[in-house]
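*Asks:* All residue numbers for the sequence shown refer to the working numbering, where the first residue is 4 and numbers rise by one.
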Amino acid sequence: MKAVTWHGKRDVRVDTVPDPIIKDPTDVIVKITSSGICGSDLHLYEVLGPFLDEGDILGHEPMGVVEEVGAEVTGLSAGDRVVVPFNVSCGTCFMCGEGLHSQCETTQVRDQGMGATLFGYTKLYGSMPGGQAEFLRVPFGNTLPIKVPHGPADDRFVYLSDVLPTAWQAVEYAGVKEGGSLVVLGLGPIGAMAARIARHRGAEKVIGVDLVPERLARAKADGIEALDLRRHGKKLADHIRDLTGGRGPDAVIDAVGMEAHGAPVGKFAQQVTGLLPDAVAEKLMRTAGVDRLGALHLAIDVVRRGGTISLAGVYGGMADPMPLLTMFDKQIQLRMGQANVKRWVDDILPLLVDDDPLGVDGFATHRVPLSEAPQAYEMFQKKQDNAIKVLLQP
């Protein structure tokens with residue numbers, strides 16, 4: 004089969020690799036029909052090379068049609084249409100029972116000290132082959148895949164793999180009450196969808212911040228009050244407070260993470276890891292403060308006293324300075340973590356089967372053949388051609 008594989012920094016290729024096979028009796032093989040490129044994939048494209056091996060198959064936002072089922076699979080049959088969550092979770096352990104599928108005890112990557120295995124996302128998360136491919140082996144066939152109806156285009160359901168549950172959890176963790184106020188930092192796919200979800204769930208004032216013109220224009224079209232970071236600069240926090248009664252918003256979602264702009268020291272540290280032997284680079288990525296914390300520090304500054312910060316953007320460093328005195332004094336609540344995809348499916352799926360209140364049908368800006376994945380990665384990373392969300396289609 005054809006699959007998108009990692010070969011080095013900014014070097015992804017479409018290679019011919021062996022087809023996946025049934026290994027356990029509860030496995031299913033899914034023929035992929037759509038698979039998104041996630042902002043997190045750009046971390047692999049750019050800075051997380053020390054945790055990848057050449058030829059690793061990328062991608063964690065797939066959906067498709069069941070091609071084959073293992074002998075003990077009773078919940079699915081060949082021909083069923085499914086979305087595959089990005090966390091590999093068993094659905095039956097203590098953590099899954101608590102709704103913490105990203106911490107699944109069956110697939111925790113204990114030798115790395117990490118949570119549940121993820122599809123297509125480095126040895127830190129289990130080196131599980133990803134879904135930017137023609138076929139994908141999916142374990143836990145009775146509990147992991149999300150069965151969806153045939154009929155609507157893939158766009159209606161594919162975001163159940165990551166974007167929708169990640170954004171939903173970000174809003175849930177933000178705890179904004181009906182009529183409340185929310186600032187979303189970063190209007191990429193997760194931030195943009197979180198803003199839509201917050202509006203749908205009753206937030207009265209939703210303010211989005213970014214510096215990419217196309218993202219800002221899209222947010223404005225969604226009815227979000229979009230602020231251009233370049234225009235407001237160091238006065239941004241004061242402007243946000245002016246828009247929220249002088250006290251700041253009830254909650255802030257940081258949907259930026261380590262993709263933040265304007266932090267040259269952190270960016271340099273990230274780039275340095277690409278010049279080091281893997282063993283040394285791994286240690287630096289684990290222990291050095293390489294994250295670029297501008298967005299998180301802004302969130303701490305602008306959120307009202309007693310408010311909540313919800314971290315949806317991915318952070319990778321482990322020695323970053325945090326203004327704990329300010330956080331303690333302001334009595335800030337902080338929630339974060341990988342999305343627990345299966346936890347939120349029952350809340351989200353009803354919004355997809357009839358109308359389209361979250362605008363998923365038109366959410367993708369680009370749909371390209373799998374064969375053009377290298378060009379699509381470059382376009383997305385460089386934010387060319389108004390690329391905000393890219394779907395690969397085998």
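Backbone N, C-alpha and C define an ideal beta-carbon position, used for all residues, glycine too.
#1: Taking only three categories from DSSP, how would you classify Gly11?
#2: Could you tell me the alpha carbon to alpha carbon distance between Ala405 and Val215, rounded to whole angstroms?
#3: Which residues in the same chain as Asp14 place their Cβ atom closer than 6 Å to its Cβ, once the five residues preceding and following it in sequence are excluded?
#4: Measure the CB-CB distance between Leu355 and Arg199 and report whether it falls below 8 Å.
#5: Taking DSSP's pairing of strands, which residues face Asp59 in a bridge?
#6: For the pair the segment 168-175 and the segment 193-212, tell me if three or more CB-CB distances fall below 8 Å.
#7: What would DSSP say about Gly67, mapped onto helix, strand or coil?
#8: In whole angstroms, what separates the C-alpha of Leu232 from that of Thr77?
#9: In its own chain, which residues sit with a C-beta less than 8 Å from the C-beta of Gly100, not counting the 5 before and 5 after it?
#10: Hey, Phe138 and Met330 are a contact pair by Cβ (cut 8 Å); roughly how many whole angstroms apart?
#11: Just list the residues that DSSP pairs Leu337 with in beta bridges.
#12: Using 8 Å as the threshold, is the segment 30-50 in touch with the segment 154-173, meaning 3 or more CB pairs across them?
#13: With the cut-off set at 8 Å, would you say Arg307 and Gly260 are in Cβ contact?
#14: Closest to Ala74 by CA distance: which of Leu121, Lys26, Leu55 and Ile312 is it?
#15: When the Cα atoms are used, what is the spatial distance from Met117 to Cys107?
#16: Taking the Cβ atom as the reference point for each residue, do Val186 and Gly194 lie within a distance shorter than 8 Å?
#17: How far does the alpha helix (DSSP H) with Lys208 in it reach, from first residue to last?
#18: Less than 8 Å between the C-beta atoms of Ala298 and Ile312, yes or no?
#19: Tell me, please, which residues DSSP counts as bridged to Phe122.
#20: Kindly indicate which three-state DSSP category Leu139 falls into: helix, strand or coil?
#21: Leaving out five residues before and five after Cys93 in sequence, what residues of the same chain have Cβ atoms less than 7 Å from its Cβ?
#22: List the endpoints of the continuous beta strand (DSSP E) containing Arg370.
*Replies:* Quick answer:
#1: Reading the sequence shown from its first residue, position 8 is the one you call residue 11. Here DSSP, grouped into helix, strand and coil, assigns Gly11 to strand.
#2: Look at the range of the chain in this structure, 4 to 397, and you will see that residue 405 is not part of it.
#3: What you label residue 14 is simply residue 11 of the sequence shown in a count that begins at 1. Setting aside the 5 residues that flank it on each side, Asp14 has no residue in the same chain whose C-beta is closer than 6 Å to its C-beta.
#4: Residue numbering aside, residue 355 sits at position 352 when the sequence shown is read from its first letter. Residue numbering aside, residue 199 sits at position 196 when the sequence shown is read from its first letter. Here Leu355 is not near Arg199, since their CB atoms are 8 Å or more apart.
#5: Residue 59 sits at position 56 when you count from the first residue of the sequence shown. Bridge partners of Asp59: none, in fact.
#6: A contact between stretches requires three or more CB pairs, one per stretch, nearer than 8 Å, and the segment 168-175 meets this requirement with the segment 193-212.
#7: The residue labelled residue 67 in the question sits at position 64 within the sequence shown. In the structure shown, Gly67 sits in a strand (DSSP, three-state: E or B).
#8: Within the sequence shown, numbered from 1, the residue matching residue 232 stands at position 229. Within the sequence shown, numbered from 1, the residue matching residue 77 stands at position 74. Cα to Cα, Leu232 sits roughly 52 Å from Thr77.
#9: In the sequence shown, the residue the question calls residue 100 occupies position 97. There are no such residues.
#10: Within the sequence shown, residue 138 is the residue found at index 135, counting from 1. Within the sequence shown, residue 330 is the residue found at index 327, counting from 1. The pair is not a contact, with the Cβ atoms about 46 Å apart (cut-off 8 Å).
#11: Walking along the sequence shown from the start, residue 337 turns up at place 334. Partner(s): Ile312.
#12: Contact holds: three or more Cβ-Cβ distances are below 8 Å.
#13: Here residue 307 refers to the residue found at position 304 when the sequence shown is read from its first residue. Here residue 260 refers to the residue found at position 257 when the sequence shown is read from its first residue. No.
#14: Indexing the sequence shown from 1 puts residue 74 at position 71. Nearest of Leu121, Lys26, Leu55 and Ile312 to Ala74, Cα basis: Lys26.
#15: Position 114 of the sequence shown, counting from 1, holds the residue named residue 117. Position 104 of the sequence shown, counting from 1, holds the residue named residue 107. Each residue's alpha carbon lies about 10 Å from the other.
#16: Here the question's residue 186 lines up with position 183 in the sequence shown. Here the question's residue 194 lines up with position 191 in the sequence shown. At least 8 Å separates the beta-carbon of Val186 from that of Gly194.
#17: Translated into positions along the sequence shown, residue 208 becomes position 205. Element bounds for Lys208: not the alpha helix (DSSP H) but the beta strand (DSSP E), Lys208 to Asp213.
#18: Start at 1 with the first residue of the sequence shown, and residue 298 comes out as number 295. Start at 1 with the first residue of the sequence shown, and residue 312 comes out as number 309. Cβ atoms of Ala298 and Ile312: not closer than 8 Å.
#19: Your numbering for residue 122 matches position 119 in the sequence shown. Note: Phe122 sits in a beta bridge opposite Met131.
#20: For the purposes of this step, residue 139 is taken as the residue at position 136 of the sequence shown. Strand, per DSSP.
#21: As a working mapping, residue 93 is identified with position 90 in the sequence shown. So the qualifying residues of the chain are Cys99, Cys107, Thr109, Thr110, Phe143 and Thr146.
#22: Here residue 370 is taken as the residue at index 367 of the sequence shown, counted from 1. His369 to Pro372 is the span of the beta strand (DSSP E), which, as asked, contains Arg370.
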